[in-house]
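Q: Take the sequence shown: its letter number 25 is residue 303 in this note's numbering, and every next letter is one higher. This is the structure I have questions about; it appears just below.
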Amino acid sequence: MKTLQKILLSSIFLLAFFNCNSQNKSQKKEQSIEFKVWGNCEMCKETIENALDVKGVKSADWNMETKKIKVIFDSEKITEVKIHQLIAASGYDTEDAKGNDKAYKELPDCCQYTRKP
Ligand SMILES: [Cu+2]
Numbered sequence: 279m280k281t282l283q284k285i286l287l288s289s290i291f292l293l294a295f296f297n298c299n300s301q302n303k304s305q306k307k308e309q310s311i312e313f314k315v316w317g318n319c320e321m322c323k324e325t326i327e328n329a330l331d332v333k334g335v336k337s338a339d340w341n342m343e344t345k346k347i348k349v350i351f352d353s354e355k356i357t358e359v360k361i362h363q364l365i366a367a368s369g370y371d372t373e374d375a376k377g378n379d380k381a382y383k384e385l386p387d388c389c390q391y392t393r394k395p
C-alpha cells in the first residue's frame, strides 16, 4: 500500500510539474504586426503611440513618412482587434477601424489629418 501511495504521489508531482512548464511556455507569445494609421505630424505620433501604452503592448512605433505603425505585443494579454480599437478611440483611423469622431474633433489643428476615404 505504501509503495502504491508513493507512486501515486510522485506521478501527481510530475504531472503538476509538466503542466506548470507548458503554461510558462504559452504565456510568452510575442507577436509583431504592422498596419497603416492615418495621421499627420509628430504630435499625432505621440497620441497614437500613447494610446497603446497599455498592458500587453511591448512597443509601438508609428512612422510619419510611411504612416505605418509597428506594434509588438503579447497575444495572451491583448488582441490585434483591441489594438486597432485603442488607436481608433484616440481619434485616428486605422486599416481596420474608424477613428472616434469626437476624439478626432478634439485633436489640435495640426493633427486634423485627412480622414480615411
Ligand atoms: Cu498631428
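Note that CB positions come from ideal geometry on N, CA and C, so glycine has one too. Quick caveat: nothing in here was measured; it's all calculated off a predicted structure.
1. When you compare the CB positions of C311 and V359, do they come within less than 9 angstroms of one another, or not?
2. Exposed or buried, K323, counting other C-beta atoms within 10 Å across all chains shown (16 or more means buried)?
3. Do S368 and I326 have their beta-carbon atoms positioned less than 9 angstroms apart in this structure?
4. Where does Q390 sit, in a helix, a strand or coil, going by DSSP?
5. On the premise that I361 lies in contact with L385, defined as a C-beta separation below 8 angstroms, what is that separation, rounded to the nearest angstrom?
6. Report yes if the C-beta of T392 is less than 8 angstroms from at least one heavy atom of ligand 1; otherwise report no.
A: Taking the geometry as given:
1. Note on residue identity: the sequence assigns Ile, not Cys, to residue 311. No. Outside cutoff.
2. Taking all protein chains in view, the Cβ of K323 is crowded by 16 or more other Cβ atoms within 10 Å, so the residue is classified as buried.
3. Yes, they are a contact pair.
4. Coil, per DSSP.
5. At roughly 20 angstroms, the Cβ-Cβ gap does not stay under 8 angstroms, so L385 and I361 are not in contact.
6. For T392, the shortest separation between its Cβ and any heavy atom of ligand 1 does not lie below 8 angstroms.
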